[in-house]
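Q: Supplied in structure tokens, the structure appears directly below.
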Amino acid sequence: MLKDITLGQYFPVDSVLHKLDPRFKIIFTMMFIVMLFAGNSMWTLAIGGIFVLMAQLLSKIPLKMSWKSIKPILPVLVFTAILNLFLIDSGEELWSWKFIKISEGGITTSIFMIIRIVLLIVGSSLLTYTTSPILLTDAIESLMSPLKKVKFPVHEMAMMMSIALRFIPTLLEETDKIMSAQKARGAMLDSGKMMDRAKALIPILIPLFVSAFRRAEELATAMECRCYRGGEGRTRLRQLKSEKRDYIGLVICLLFLTASIAVNLLQTGG
Amino acid sequence: MAILKTEGLTYTYSAGTPFEKTAVDNVNLSIEKNTMVGVIGHTGSGKSTLIQHFNGLLQPTSGRVLLNGRDIWEDKEKIREVRFQVGLVFQYPEYQLFEETVYQDIAFGCKNMGLGEDETKKRILETADMLGMERALLNRSPFALSGGQKRRVAIAGVMVMHPEVLILDEPCAGLDPKGRNLMLHQIRDYQKKTQSTVLLVSHSMEDVAEFTQKLLVMNHAKLFCYDDTPKVFHRAEELQEMGLKVPQITYVMGELRKKGYNIPEDIYTVSQAKEVLLKLMGKGAE
């Protein structure tokens, strides 16, 4: 049951997008986000849409997976759409009842916002679908390494992230086991009033915390046994290398970004 | 009379996905009252999945589990009562302790059953005595205890519900030899005293040979056999094929028999062997 939750949502298939240098992929994603948010017309969204569609096809990730990443934010989508629909008062007034008004501007803005959020989610989840969590943290560490100059603990941050990611499945499994064990003693986990349910969490959370601390201690000892002493002079098994395809990708992304900025300028200019 | 029965019990993990795996395949069983049953099988043979069906933690994909002749899934609302009747102690149960004192932790099951203070206290003291726990221990924090003591507290937490069937998943894993022996004797004493059915999952052939009357053997998700312990060990070759063994002493006796000594085939425990050898030596001295 708990195992069905996908958190590290890496989807391993063989595609160009999977093979790209993760550092570049992070930069592409950032460019894509800029593209979406700098734009203020449907045209820029269309360019963003083409970009996402292209990446989606290249990644060989089934569309079903993208739907899976949109599903949890559906309430947010509906909420923003309703808010925009009623609060924005511009253009022709189409319908009104007492103080509630729906205007043309409201409708277009809410549609615009929905498309923008959907594209944002689908596009950025492609990054996590095509990149394993470990590569992702490696890339973040590499991209943030200039910050080392100002004494920012980049390596430590990246290590913390990868440890956290590594232990999500372990702790989920542990939770599952503890829940079963307490259910076997008659704990009521899925019924009762709010207060009862909150109380029912105690027999699960306490053993879970205890075991998380135990694991943390064991891991720290194991790291010490292997002479871990931070990022200084540390080499890695997987070297991040940029290749021709990464630069091709960069050019494509730059083209898309320029196109959308150009469209933007033309619209505001005209 | 059968207390626990399964009919065509089948369980498939992640059905309908590429990770689909049948962990328990068409198991038909009938376990009697007042017996000590050993559950053996190689790693991944479906033992753990099977036992989680007995108290309704898992719902069969197909087939039925009958407790005292009644399908446990007949009324989903009453599945909790099944869990009080069939107690399950998981592997390494010491990691599920959470209360401030040992007493309160053992009382968790009783509280869930809705038992009164007096009855709870009576049961806890009785169980503590049976497991050789000192009274002073009951007021200590479970987290301050040693591994073996924690394990006892966790087992007591299930025994205290007085289940008709008690299932223990490798209760001796990680204990030292002395602790193992004590634990197994206490489990046997519990079984004799309560006249209940106890299922003991174990990887030690010596332990099941000495402490159980019946053996349930799982092999590749299927029930290989459910029979009297000596009868199962009599099929030594088949057991070896599926990665199991017969007790070590049986091998020793087999070698002696090959050397021409007059030793019967069905020696499965050290005490049996001792008797036979003493008799043999007595004869030799004459």
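Just so you know, the protein sequences line up as chains A and B, in that order. Counting from 1, position 59 in the first sequence corresponds to residue 68 in our numbering; the numbering is continuous, with no gaps. Counting from 1, position 50 in the second sequence corresponds to residue 56 in our numbering; the numbering is continuous, with no gaps. For each residue, glycine too, the CB sits at the ideal point set by N, CA and C.
Going along the region 187 to 210 of chain A in order, which residues come within less than 8 Å of chain B, judged by CB to CB distance?
A: Listed by position, the residues of the region 187 to 210 of chain A near chain B (Cβ gap below 8 Å) are Ile187, Ser189, Ala190, Gln191, Lys192, Ala193, Arg194, Gly195, Ala196 and Met197.
Q: Kindly indicate which residue of A:Ile116, A:Phe95, A:Ile120 and A:Ser99 has the alpha-carbon position closest to the one of A:Phe108.
A: On the first sequence, position 99 is the one that residue 108 of chain A refers to. Of A:Ile116, A:Phe95, A:Ile120 and A:Ser99, the residue nearest in Cα terms is A:Phe95.
Q: Do the region 90 to 97 of chain B and the region 31 to 47 of chain B meet, that is, are 3 or more Cβ pairs less than 8 Å apart?
A: Verdict: no, contact absent.
Q: Between the C-alpha atoms of B:Phe149 and A:Ala231, what's the straight-line distance to the nearest angstrom?
A: Locating residue 149 of chain B in the second sequence gives position 143, counting from the first residue. Locating residue 231 of chain A in the first sequence gives position 222, counting from the first residue. Rounded to whole angstroms, B:Phe149 to A:Ala231 spans 23 Å at the Cα level.
Q: Residues in the same chain with beta-carbon distance under 8 Å from A:Lys110, minus the five sequence neighbours each way, listed in chain order, please.
A: On the first sequence, position 101 is the one that residue 110 of chain A refers to. Correct list, in chain order: Phe95, Asp98, Glu102 and Trp104.
Q: Tell me the DSSP secondary structure of B:Ser68 in three-state form.
A: Counting from 1 along the second sequence, the entry for residue 68 of chain B is found at position 62. Here B:Ser68 sits in strand by DSSP.
Q: Look at the Cβ atom of B:Ala29, then the Cβ atom of B:Gly44, and state whether they are nearer than 8 Å.
A: Residue 29 of chain B sits at position 23 when you count from the first residue of the second sequence. Residue 44 of chain B sits at position 38 when you count from the first residue of the second sequence. For B:Ala29 and B:Gly44, no; Cβs fall outside 8 Å.
Q: Got a sec? Which residues, its chain only, sit under 7 Å from B:Ile273 by beta carbon, not counting five neighbours each side?
A: The residue labelled residue 273 of chain B in the question sits at position 267 within the second sequence. Correct list, in chain order: Ile255, Thr256, Met259, Ala279 and Val282.
Q: In its own chain, which residues sit with a C-beta less than 6 Å from the C-beta of A:Val22, not counting the 5 before and 5 after it?
A: The residue given as residue 22 of chain A occupies position 13 in the first sequence. Cβ within range, chain order: Lys69.
Q: Pick out whichever of A:Val127, A:Ile36, A:Glu252 and A:Met168 has its Cα sitting closest to the Cα of A:Glu3.
A: Chain A is shown from 10 up to 279; residue 3 of chain A falls before or after that span and cannot be answered.
Q: Mind checking which residues open and close the beta strand (DSSP E) that includes B:Ile46?
A: The count along the second sequence starts at 1 and reaches residue 46 of chain B at position 40. Unbroken beta strand (DSSP E) run through B:Ile46: Met42 to Ile46.
Q: Going by other Cβ atoms of all chains shown within 10 Å of its Cβ, with 16 needed for buried, is A:Asn49 buried or exposed?
A: Within the first sequence, residue 49 of chain A is the residue found at index 40, counting from 1. When all chains shown are included, A:Asn49 counts as exposed.
Q: B:Asp233 bridges to which residues according to DSSP?
A: Translated into positions along the second sequence, residue 233 of chain B becomes position 227. According to DSSP, B:Asp233 bridges with B:Leu221.
Q: Going along the chain, which residues of its own chain have a beta-carbon closer than 7 Å to the beta-carbon of A:Ala268, five neighbours each way excluded?
A: As a working mapping, residue 268 of chain A is identified with position 259 in the first sequence. Cβ neighbours of A:Ala268 beyond the five flanking positions: Ile56.
Q: Can you tell me whether A:Asn93 is buried or exposed, with buried defined as 16 or more other CB within 10 angstroms of its CB?
A: Counting from 1 along the first sequence, the entry for residue 93 of chain A is found at position 84. A:Asn93 comes out buried.
Q: Which runs of the alpha helix (DSSP H) fall wholly inside the region 153 to 227 of chain B and span at least 4 residues, in chain order?
A: DSSP runs (the alpha helix (DSSP H)) wholly in the region 153 to 227 of chain B: 153 to 165, 183 to 200 and 211 to 217.
Q: Measure the C-alpha to C-alpha separation of B:Pro66 and A:Phe88 and round it to an integer number of angstroms.
A: Residue mapping note: residue 66 of chain B aligns to position 60 of the second sequence, counting from 1. Residue mapping note: residue 88 of chain A aligns to position 79 of the first sequence, counting from 1. So the two alpha carbons sit approximately 41 Å from each other.
Q: Identify whether A:Val22 lies in helix, strand or coil by the three-state DSSP scheme.
A: Here residue 22 of chain A refers to the residue found at position 13 of the first sequence. It is coil, neither helix nor strand.
Q: So, is A:Asp13 buried or exposed, given that buried needs 16 or more other C-beta atoms within 10 angstroms?
A: Numbered from its first residue, the first sequence carries residue 13 of chain A at position 4. Summary for A:Asp13: the model assigns pLDDT 45, below 50, so the residue's position carries little reliability; its value from the coordinates is reported in the next sentence. Exposed.
Q: Apart from the five residues on each side of it in sequence, which residues of its chain come closer than 6 Å, Cβ to Cβ, to B:Val204?
A: Here residue 204 of chain B refers to the residue found at position 198 when the second sequence is read from its first residue. Same-chain partners within the cutoff: Met42, Leu172 and Gln197.
Q: Between the alpha carbons of B:Gln110 and B:Leu72, how many angstroms are there, rounded?
A: By 1-based counting over the second sequence, the position of residue 110 of chain B is 104. By 1-based counting over the second sequence, the position of residue 72 of chain B is 66. Going by the C-alpha atoms only, they are around 32 Å apart.
Q: Just to confirm the assignment, what range does the alpha helix (DSSP H) spanning A:Asp205 have?
A: Counting from one through the first sequence, the residue named residue 205 of chain A turns up at place 196. Element bounds for A:Asp205: Met203 to Cys234.
Q: Quick check on DSSP: helix, strand or coil for A:Ile97?
A: Counted from its first residue, the first sequence places residue 97 of chain A at position 88. If DSSP states are grouped into helix, strand and coil, A:Ile97 belongs with coil.
Q: Quick one: what's got a C-beta closer than 6 Å to B:Ala291's C-beta in the same chain, skipping five residues either side?
A: What you label residue 291 of chain B is simply residue 285 of the second sequence in a count that begins at 1. Note that B:Ala291 scores 47 on pLDDT, short of 50, meaning its location in the model is unreliable; the coordinates nonetheless yield the value given after this. Answer for B:Ala291: no residue qualifies.
Q: Counting beta carbon pairs with one atom in the region 200 to 215 of chain A and one in the region 136 to 150 of chain A, are three or more of them shorter than 8 Å?
A: Contact between the region 136 to 150 of chain A and the region 200 to 215 of chain A is absent, because fewer than three Cβ pairs lie under 8 Å.
Q: So, does the CB of B:Glu292 fall closer than 8 Å to a CB anywhere in chain A?
A: By one-based count along the second sequence, residue 292 of chain B stands at place 286. Reliability of the predicted coordinates at B:Glu292 is poor, the pLDDT of 45 falling under 50, and the value obtained from them is presented with this limitation in mind. B:Glu292 does not count as touching chain A.
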